Structure formats: structure tokens, C-alpha cells
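Scroll down for the structure; my scribbles are underneath it.
Number of protein chains: 4
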Amino acid sequence: MSDVIQADKLRLLIERIERLEEEKKGIADDVKDVYGEAKGQGYDVKTMRKVVALRKLDKHVRDEADAMMDIYRTALGLT
Amino acid sequence: MSDVIQADKLRLLIERIERLEEEKKGIADDVKDVYGEAKGQGYDVKTMRKVVALRKLDKHVRDEADAMMDIYRTALGLT
Amino acid sequence: MSDVIQADKLRLLIERIERLEEEKKGIADDVKDVYGEAKGQGYDVKTMRKVVALRKLDKHVRDEADAMMDIYRTALGLT
Amino acid sequence: MSDVIQADKLRLLIERIERLEEEKKGIADDVKDVYGEAKGQGYDVKTMRKVVALRKLDKHVRDEADAMMDIYRTALGLT
Chain A
2 MSDVIQADKL RLLIERIERL EEEKKGIADD VKDVYGEAKG QGYDVKTMRK VVALRKLDKH
62 VRDEADAMMD IYRTALGLT
Chain B
2 MSDVIQADKL RLLIERIERL EEEKKGIADD VKDVYGEAKG QGYDVKTMRK VVALRKLDKH
62 VRDEADAMMD IYRTALGLT
Chain C
2 MSDVIQADKL RLLIERIERL EEEKKGIADD VKDVYGEAKG QGYDVKTMRK VVALRKLDKH
62 VRDEADAMMD IYRTALGLT
Chain D
2 MSDVIQADKL RLLIERIERL EEEKKGIADD VKDVYGEAKG QGYDVKTMRK VVALRKLDKH
62 VRDEADAMMD IYRTALGLT
């Protein structure tokens, strides 16, 4: 990149990124609100987060991870 | 929370979170795309990210951080 | 902090931090090596990391988390 | 990995990792202490962290990053 850059083009790119980051932050706050709502209704947020992560996995991947954990936990007396 | 939880309410909350997380991921991908576009036009992504972070700061905060860095860099011969 | 700082004292502090960070990185590499060794012997690193995390918890905390997960997984058909 | 794993070997590996993680945490605490000490002497921790990061870079890399930042900051009126 030469020492001279097109400031206006750079500014437009930066502003697009900032608008998207703003939007993303808004949604992250919405997620926090839903977890807050759930907590208010007595649900456990930590467990909900683990369940959200689990639901991203295919069933066979989940089952295999469960089976592996059982073997390791049993072997180490963590049952 | 009693051992019995309202599964349907939990499912609705989880699904709301999943939709929001999906939306957030979509926007994160859009941000990546803009940086990719900028890179394609010869801009330096790393520097752009630093500039985006800087622009979040109030001018006086930014100026103070700059002044501090100058003092420390000079003291340690990092100029 | 006045514009004049005691450069030598700052340098000593920075160098102490750097030595500690170096040491910390060395140990992090050792941890990686042990996981690599375990992988070479057929153990599953991902499961090992989860087990290491689990072992940090008191048994009653672990048991409660397990019970909660069972309730939530059953409620959402993730069994 | 067969359903039967050598529990004793797994335990030894896990315990080695735990000892190393413990050691690593101890050093991380030492780093925090040094920053605390520096803060007590009036140094700015945030700036110190940036300087520690900068000192990891080769001079020419640092100079190029500085030059790039100057160009971008000037272009966007962040001077």
C-alpha cells in the first residue's frame, strides 16, 4: 500500500464495520437478556449454555463424546 | 429449580437464543467479508482493526493513551 | 504519573514480567507436550481437557451440575 | 481407543497436566503481582502491557506497524 491511501474509501469501509459491530453488540445484548429472562424464571444459565453448545453437535458426535466421557470418568473415579 | 422443569418453556428460550446466535454469527461473517474486501483493495486489516478500536475511545482518552505510550516508549528506547 | 518516569525502574519491572511470561510459555508448551504424548498413546485430548476441568470442581458441585444437565437434556430430548 | 483404557496411565498423564497447570497459574499470579507492584509505584499497567507486547516485535515490524498507523490515523483524522 503506498503511503497515500484513499481516505474516503477507508472511512466507508471502517464505518460499515462499525455499523455491523454495533448490530452484533445489540444482538449479544439480546442474548444476555434472554438468559436473564430464563434466570428470572428459575432456569440455570450455565446449564442452558452447555445445552446450547450440545445442540450444535450432530447426535452421533454427541453420543460418542458422552461415551468417551463415561469411560474416562469411570477410569478416574469421577462418577 | 425442582427436578421437573417446564420443558416447553425451556425449549422456547433455547430456540430464541439459537436464533439470535445464528444472527450474530451471520453479522460476524459480514464483518469478515468487509475486512476481506478491504484487504482485496490493498488495505491492512490489522491496522484497520486497531483504528476501529481507537475510534471507540473519546479523543481525550486516546490522546492520554498516546502521550503515555510516547513516554514509555521513549524511556525504553522503543522509538 | 509525571511526564518523566524512572526509566530504569520501569525497565526492571518490564524485564521481570518478560522473564515470567517466558517461563509461563515454557510450561504451556510442556502441557501441550503431555497432551501430545497422551494422543500418541491413543487417549482423546478433548475428553482429557474436560476431565481436567471436572477434577477442579468439588464433588458436590460436579454432582449438581451432572444432575442439572440430565434434567435439561431429558427435557430437550438430548439423551 | 477401546472401551477399556489404562486408567493408571491416564491418571498419571492427567496428574502431570494438573501439576503443570498449577505451576502455570502460580507464574500468572506472579505476573499479576509485578503489575500490582508497578501500579503501586505509579506506573500505568495498560501502557506497560502494550509495551511488553511491542517489545516482542522485531524493530522493523514495529516501525512498519507504526508507519501504517500514522497513515491510517491521519487519513481518518485520528491524530
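Residue numbers (the numbering used here), protein chains in the order written: chain A, 2 to 80; chain B, 2 to 80; chain C, 2 to 80; chain D, 2 to 80.
We treat Cβ as the ideally placed atom computed from N, Cα and C, and that holds for glycine.
These figures come from a predicted structure and were not determined experimentally.
Cross-chain neighbours of residue i in chain D, by beta carbon under 8 Å
i             : result
residue 73(A) : 6 and 11
residue 18(A) : Within chain D, no residue comes near residue 18(A); the closest Cβ sits about 12 Å away, beyond 8 Å.
residue 34(B) : In chain order: nothing, as chain D lies at least about 20 Å away.
7 Å Cβ cutoff, residue i in contact with chain D
i             : result
residue 76(A) : yes
residue 68(C) : no
As assigned by DSSP and simplified to three states, the class of residue i
i             : result
residue 2(A)  : With a pLDDT of 49 at residue 2(A), under the threshold of 50, the modelled position of that residue is not reliable, and no figure is offered here.
residue 78(C) : coil
residue 45(D) : coil
residue 57(C) : coil
residue 65(A) : helix
Contact list for residue i against chain A, beta-carbon separation under 8 Å
i             : result
residue 56(C) : 77 and 79
Residue-level contact to chain A via CB, residue i, 7 Å cutoff
i             : result
residue 53(C) : no
Cβ neighbour criterion (16 or more within 10 Å) applied to residue i
i             : result
residue 11(A) : buried
residue 35(D) : buried
residue 30(B) : exposed
residue 76(A) : buried
residue 7(D)  : exposed
residue 39(C) : buried
Within-7 Å CB hit, residue i to chain C
i             : result
residue 31(D) : yes
residue 2(A)  : In this predicted model, residue 2(A) has a pLDDT of only 49, less than 50, meaning its place in the structure is not dependable; the value taken from the coordinates is given anyway. No, because no Cβ of chain C sits closer than 7 Å to the Cβ of residue 2(A).
Residue i to residue j span [Cα, whole Å]
i             : j             : result
residue 52(B) : residue 68(A) : 47 Å
residue 14(D) : residue 59(C) : 21 Å
residue 24(D) : residue 66(A) : 29 Å
residue 22(B) : residue 71(C) : 24 Å
residue 42(A) : residue 33(A) : 14 Å
residue 45(C) : residue 61(C) : 26 Å
residue 74(A) : residue 26(D) : 25 Å
residue 28(A) : residue 48(A) : 21 Å
residue 80(D) : residue 50(D) : 22 Å
residue 57(A) : residue 19(A) : 29 Å
residue 55(C) : residue 63(C) : 7 Å
residue 16(C) : residue 16(A) : 39 Å
residue 9(B)  : residue 78(C) : 11 Å
residue 2(B)  : residue 37(B) : In this predicted model, residue 2(B) has a pLDDT of only 49, less than 50, meaning its place in the structure is not dependable; the value taken from the coordinates is given anyway. Going by the C-alpha atoms only, they are around 47 Å apart.
7 Å Cβ cutoff, residue i in contact with chain B
i             : result
residue 64(D) : no
residue 23(A) : no
Contact set between residue i and chain F, taken where Cβ atoms lie within less than 7 Å
i             : result
residue 59(D) : Absent from the structure: chain F. Protein chains present are A, B, C and D.
Proximal chain D residues relative to residue i, where beta-carbon distance stays under 9 Å
i             : result
residue 28(A) : Near residue 28(A) there are no residues of chain D at all, since even the closest Cβ is about 26 Å away, more than 9 Å.
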